[in-house]
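Count along the first sequence from 1, add 64, and you get the number used in my numbering.
The beta-carbon is built from N, C-alpha and C at its ideal position, and this holds for glycine as well.
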Amino acid sequence: MSIRISAPKGVYDVIGADTVRWDDLETRFFETAATWGYPRVRIPVFEHTELFVRSVGEATDIVRKEMYTFSDRGDRSLTLRPEGTAGMVRCFVEHSLDQAGLPWKAAYGGPMFRAENVQRGRYRQFHQFGVEAIGVDDPALDVEVIALGWAFLRHLGLVELTLLVNTIGRPEERARYVEVLADHVRKAVPGLDPDDEERLELNPLRVLDSRDPRVVEALATGPRLRDVLGDESRSHFGAVLDGLDAAGIPYEVDDTLVRGLDYYTSTTFEYASGTLDSAQNALGGGGHYDGLVEMCGGPPLPGIGFALGVERILIACESEGILAEVRGTVDVIVLHVGETAVPARRIAAELREAGVRTDVVFGNRSLKAQFKQADRSGARVAVVVGERDMERGVVTLRDLDTGEQSEATLDSVRQEIEEVIGS
RNA sequence: GUGGCUGUAGCUCAGGUGGUUAGAGCGCCGGGUUGUGGUCCCGGAGGUCGGGGGUUCGAGUCCCCUCAGUCACCCCA
65 MSIRISAPKG VYDVIGADTV RWDDLETRFF ETAATWGYPR VRIPVFEHTE LFVRSVGEAT
125 DIVRKEMYTF SDRGDRSLTL RPEGTAGMVR CFVEHSLDQA GLPWKAAYGG PMFRAENVQR
185 GRYRQFHQFG VEAIGVDDPA LDVEVIALGW AFLRHLGLVE LTLLVNTIGR PEERARYVEV
245 LADHVRKAVP GLDPDDEERL ELNPLRVLDS RDPRVVEALA TGPRLRDVLG DESRSHFGAV
305 LDGLDAAGIP YEVDDTLVRG LDYYTSTTFE YASGTLDSAQ NALGGGGHYD GLVEMCGGPP
365 LPGIGFALGV ERILIACESE GILAEVRGTV DVIVLHVGET AVPARRIAAE LREAGVRTDV
425 VFGNRSLKAQ FKQADRSGAR VAVVVGERDM ERGVVTLRDL DTGEQSEATL DSVRQEIEEV
485 IGS
């Protein structure tokens, strides 16, 4: 009796060519980040539950119903990270990284976990790359962070990109605004639907996301957050937009762009893809978080960062037809016919030692079958180690693209192969 | 958490109103070629028809439940 166990809902395996694309994407992200002065750090995938509750916010959907929380054997409440910024800020505070000079700039990436219902571009274990810049309050730093993400996405070859930016001001400005906003919406729309009513109660800014046409209309005529901002917030935002202009980065100001995490303040932004449908078109997003470091027990320092969704970027790349072709995983495959398995493996070992990606056939199969395997492997060269040849001290090299064959002595195999595939 | 659609071989899919041993293409394995792949020809293996229950003489087909995928709501990456 065997029971077949499948992967849990919302998780999946990355195999074959997808693995290569993932690795490639990851490499390119961290290379870009490093180029901009954001070296990679590695932080844990679980943290004390309290960290996320306090930083992400109790009123958010993430904390209310999407966290993978568990008790460990010491009865500590731990949570699989639903996002990366909280852990990064904790890391910054825990190691007093402000002492190393500000801003502290770093990149991170890896799996995140949210117990959401699954759909295209949305999984329970999903993956993000992100950067954070903590400790300096300068709109130019906002621009740098936004530009970094933009440059990375553009360099992948994505064309259908829109950068959305907004500012949600300081907490006290927002508090003032939220009151007038709630008041306005309730007056303008009698019989508000329960979803929107709940939003007004828990997290009023989120009504800006409403799709109820009556609410949308009420918002259009209602107070705008930007109009109630103080001079400082206003000039900061203006400076960010000027910086984007100067950097030649196109953007749209979107009054309704409100990020779903409580720690955001001031500048918020999102990279949207034009090729994905409207529901899951956000490739990534981020913003300022000016009270978070202090709330985590550090000095009162501002921060800004973004996170990109790996799965969504790959979907966008696929829609835009820019996924890289992936050829075989080896360049050379060694076949053997007759009693030559041992010398065949010795040749393979020599090639591998020299850094040549090499596979070798196992089992006792016909040469024809071995060639089929060689063909499928995507290797460029097959080395045939045959009894007849070996008696003369040579092996046969076959170019699998052209079918051309040549002989090589045992001493010259490695060199000849390196010449062929080295180009 | 709620709703719509879908679930047959490794993959993509056929299988009117329920009726014998469930099919195709691609892929895989073997042979044609006693040491030569990607073309061609021949043969073969491979299926709890997502799972469970029910109706029926009989269920891949009808009903219920359940699981999974997908899309949408919600929310976000």
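My guess is that A211 and I313 are in contact by the Cβ rule of under 8 Å, so how many angstroms apart are they, rounded?
Position 147 of the first sequence, counted from the start, is the residue given in the question as residue 211. Position 249 of the first sequence, counted from the start, is the residue given in the question as residue 313. Right, their Cβ atoms sit about 6 Å apart.
Buried or exposed for Q469, going by 16 or more other Cβ atoms inside 10 Å?
As a first step, residue 469 must be located in the first sequence, where it is residue number 405. So Q469 ends up on the exposed side.
At a threshold of 7 Å, does R410 count as lining the ligand COA (C-beta to nearest heavy atom)?
Although the ligand COA was asked about, the structure shown includes no ligands whatsoever.
Which full runs of the beta strand (DSSP E) of 3+ residues lie inside the region 138-182, going along the chain?
Within the region 138-182, the complete beta strand (DSSP E) segments at least 3 residues long are 141-144, 168-177, listed from N- to C-terminus.
Can you find at least 3 beta carbon pairs, one from the region 189-201 and one from the region 146-166, that sit closer than 8 Å?
Contact annotation: the region 189-201 touches the region 146-166, with at least three C-beta pairs closer than 8 Å.
In terms of alpha-carbon separation, which member of Y132, T339, E334 lies closest to H352?
Along the first sequence, one-based indexing puts residue 352 at 288. Looking at the Cα atoms, E334 is the closest of the given residues.
So Y241 packs on L305, CB below 8 Å; how close in whole Å?
Counting from 1 along the first sequence, the entry for residue 241 is found at position 177. Counting from 1 along the first sequence, the entry for residue 305 is found at position 241. In fact, because the Cβ distance is near 20 Å, the residues do not count as touching under 8 Å.
For K169, which residues in the same chain have their Cβ closer than 6 Å to its Cβ, ignoring the five residues on either side in sequence?
Taking the first residue of the first sequence as position 1, residue 169 is located at position 105. Excluding positions up to five away in sequence, the list reads G101, Y102, A197.
Tell me which same chain residues have a C-beta within less than 8 Å of the C-beta of L142, skipping the five on either side of it?
Along the first sequence, one-based indexing puts residue 142 at 78. Same-chain partners within the cutoff: F110, E111, H112, T113, T133, F134, S135, D136.
Mind checking T83: buried by the 16 CB within 10 Å criterion, or exposed?
Position 19 of the first sequence, counted from the first residue, corresponds to residue 83. Exposure of T83 is indicated by the presence of fewer than 16 other C-beta atoms within 10 angstroms of its C-beta.
Taking only the alpha-carbon atoms, compute the straight-line gap between L25 and D87 and give it to the nearest angstrom.
Any property of residue 25 remains undetermined from this structure, which presents the chain solely from 65 to 487.
Between which two residues does the beta strand (DSSP E) carrying F134 extend?
As a working mapping, residue 134 is identified with position 70 in the first sequence. Where F134 is concerned, the enclosing beta strand (DSSP E) stretches over 132-135.
Taking the C-alpha atoms as reference points, what is the distance between L225 and A412?
Translated into the one-based positions of the first sequence, residue 225 becomes position 161. Translated into the one-based positions of the first sequence, residue 412 becomes position 348. The C-alpha of A412 is placed about 46 Å away from the C-alpha of L225.
Can you tell which of L308, V75, R263, V117 has its C-alpha closest to the C-alpha of R184?
Residue numbering aside, residue 184 sits at position 120 when the first sequence is read from its first letter. If we check each option's Cα against that of R184, V75 comes out closest.
Apart from the five residues on each side of it in sequence, which residues of its chain come closer than 6 Å, Cβ to Cβ, to S383?
Reading the first sequence from its first residue, position 319 is the one you call residue 383. So the list reads T339, once near-sequence residues are dropped.
Examine the Cβ distances between the region 450-462 and the region 472-485 and report whether three or more of them are shorter than 8 Å.
The region 472-485 and the region 450-462 touch, with three or more beta-carbon pairs separated by less than 8 Å.
Using the C-alpha atoms, what's the distance from E90 back to P72?
Walking along the first sequence from the start, residue 72 turns up at place 8. Walking along the first sequence from the start, residue 90 turns up at place 26. So the alpha carbons of these two residues sit roughly 25 Å apart.
For the putative contact between L365 and V120, defined by C-beta atoms under 8 Å, what is the C-beta separation to the nearest angstrom?
Translated into the one-based positions of the first sequence, residue 365 becomes position 301. Translated into the one-based positions of the first sequence, residue 120 becomes position 56. The Cβ separation is near 19 Å, so there is no contact.
To the nearest whole angstrom, what separates the beta carbons of R19 and T332, a pair I think is in contact under 8 Å?
The first residue shown for the chain is 65 and the last is 487, placing residue 19 beyond what the model contains.
Would a C-beta distance cut-off of 8 Å place V390 and R85 closer than the cut-off?
Taking the first residue of the first sequence as 1, we reach residue 390 at position 326. Taking the first residue of the first sequence as 1, we reach residue 85 at position 21. In this structure, V390 places its C-beta atom within 8 Å of the C-beta atom of R85.
Taking DSSP as the reference, what is the three-state secondary structure of V401?
Indexing the first sequence from 1 puts residue 401 at position 337. DSSP places V401 in strand when its eight states are reduced to three.
Quick one: what's got a C-beta closer than 7 Å to A408's C-beta in the same chain, skipping five residues either side?
In the first sequence, counting from the first residue as 1, residue 408 sits at position 344. Around A408: V398, H400, V424, V449.
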